[in-house]
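**Q** A single structure is presented below for examination.
Numbering (UniProt numbering), first residue to last: 1 to 233.
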């Protein structure tokens, strides 16, 4: 274990740990929004959130504006409207791989846009290597975007914990793991997926979610790559 107990080092570790926890919270929220339809408790919570509207990331800012605009005009049938849009956007009504923005890595990384392909096998192996098993109540495949986002959330939280105990070796390894997972998995298909979301989503809520996801993942990838490169210097 590598430790550094100088006050300035501890302060820096704490600052980075807070950034990791903030990232984890964003990944967790995105995962929940993709995992299943919005219910009343989540809708009530979202209406109280003060979303930043000027982050400097054009995609994220555009997405937040769309989502905030939608949430400011909820009505008695909002949950029904959102449920219908969730089904339309992510499940579709056809039997081919082009009838919706299917939230599975396999669809976007296999030649015939099929489920349960190599990507799912790779993700399953990664989860098990990290001591994880899918919740049996979640019936979708392991390469569902919600589970990939939750995996990033977990890695970020583990990184924060390593930083708070001044374990720089583990923290750096976890930064690299996150950067690699984004590069080899989420960013290999999420941009295509979010583009298709805009084709199928009818509400500004899910159109906004598409833009937030795309912008956040791209920015996070750049940040992690910069952190990993800086650690090598």
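We put the CB at the ideal spot given by N, CA and C, even for glycine.
Within 10 angstroms of its Cβ, does residue 93 collect 16 or more other Cβ (buried), or is it exposed?
**A** Taking the chain shown and counting its residues from 1, the one referred to as residue 93 is at position 93. So residue 93 counts as exposed.
**Q** Count the other CB atoms within 10 Å of the CB of residue 75; is the residue buried (16 or more) or exposed (fewer)?
**A** For this step, residue 75 is matched to residue 75 along the chain shown. Per the 10 Å Cβ criterion, exposed.
**Q** Please identify the residue among 202, 144 and 39 whose C-alpha is closest to the C-alpha of residue 85.
**A** Along the chain shown, one-based indexing puts residue 85 at 85. Of 202, 144 and 39, the residue nearest in Cα terms is 202.
**Q** Buried or exposed: residue 15, going by 16 or more other Cβ atoms within 10 Å of its Cβ?
**A** By one-based count along the chain shown, residue 15 stands at place 15. When all chains shown are included, residue 15 counts as exposed.
**Q** Would you kindly check if the distance between the Cβ of residue 42 and the Cβ of residue 35 is under 8 Å?
**A** Stepping through the chain shown from its first residue, residue 35 is reached at position 35. Stepping through the chain shown from its first residue, residue 42 is reached at position 42. Against a cut-off of 8 Å, the Cβ pair of residue 42 and residue 35 comes out as no contact.
**Q** Within this structure, are the beta carbons of residue 181 and residue 103 separated by less than 8 Å?
**A** Indexing the chain shown from 1 puts residue 181 at position 181. Indexing the chain shown from 1 puts residue 103 at position 103. In this structure, residue 103 does not lie closer than 8 Å to residue 181 by Cβ.
**Q** Alpha carbon to alpha carbon, what distance is there between residue 105 and residue 144?
**A** In the chain shown, the residue the question calls residue 144 occupies position 144. In the chain shown, the residue the question calls residue 105 occupies position 105. Their backbone Cα atoms lie some 7 Å apart in a straight line.
**Q** Does DSSP put residue 144 in a helix, a strand or coil?
**A** Your numbering for residue 144 matches position 144 in the chain shown. In this structure, residue 144 counts as strand in the three-state DSSP scheme.
**Q** For a quick check, are the C-beta atoms of residue 211 and residue 69 less than 8 Å apart?
**A** Locating residue 211 in the chain shown gives position 211, counting from the first residue. Locating residue 69 in the chain shown gives position 69, counting from the first residue. No, these two residues do not count as a Cβ contact at 8 Å.
**Q** Relative to the C-alpha of residue 179, which residue among 155, 197, 101 and 78 is closest?
**A** Counting from 1 along the chain shown, the entry for residue 179 is found at position 179. Nearest option by C-alpha distance: 155.
**Q** Work out the CA separation of residue 225 and residue 164 for me, nearest whole Å.
**A** If you number the chain shown from 1, residue 164 lands on position 164. If you number the chain shown from 1, residue 225 lands on position 225. Going by the C-alpha atoms only, they are around 21 Å apart.
**Q** Taking only the alpha-carbon atoms, compute the straight-line gap between residue 118 and residue 132 and give it to the nearest angstrom.
**A** Your numbering for residue 118 matches position 118 in the chain shown. Your numbering for residue 132 matches position 132 in the chain shown. In a straight line, the C-alpha of residue 118 is about 19 Å away from that of residue 132.
**Q** Taking all protein chains shown into account, decide if residue 87 is buried (16 or more other Cβ within 10 angstroms of its Cβ) or exposed.
**A** The residue labelled residue 87 in the question sits at position 87 within the chain shown. Exposed.
**Q** Keeping to the same chain, check which residues put their C-beta closer than 6 Å to that of residue 47; ignore five residues upstream and five downstream.
**A** Residue 47 sits at position 47 when you count from the first residue of the chain shown. Excluding residues within five positions, the ones whose Cβ falls inside 6 Å are 71.
**Q** I'd like the list of long-range same chain contacts for residue 172, defined as Cβ closer than 8 Å, with 5 residues on each side in sequence excluded.
**A** By one-based count along the chain shown, residue 172 stands at place 172. 228 and 231, listed in sequence order.
**Q** Does the separation of the CB atoms of residue 45 and residue 83 fall below 8 Å?
**A** As a position in the chain shown, residue 45 is number 45, starting the count at 1. As a position in the chain shown, residue 83 is number 83, starting the count at 1. Not a contact, by the Cβ cut-off of 8 Å.
**Q** Return helix, strand or coil for residue 7, following the three-state DSSP convention.
**A** Translated into the one-based positions of the chain shown, residue 7 becomes position 7. Because the pLDDT of residue 7 is 38, which lies under 50, any placement of that residue in the model is unreliable, and the question is left without a value.
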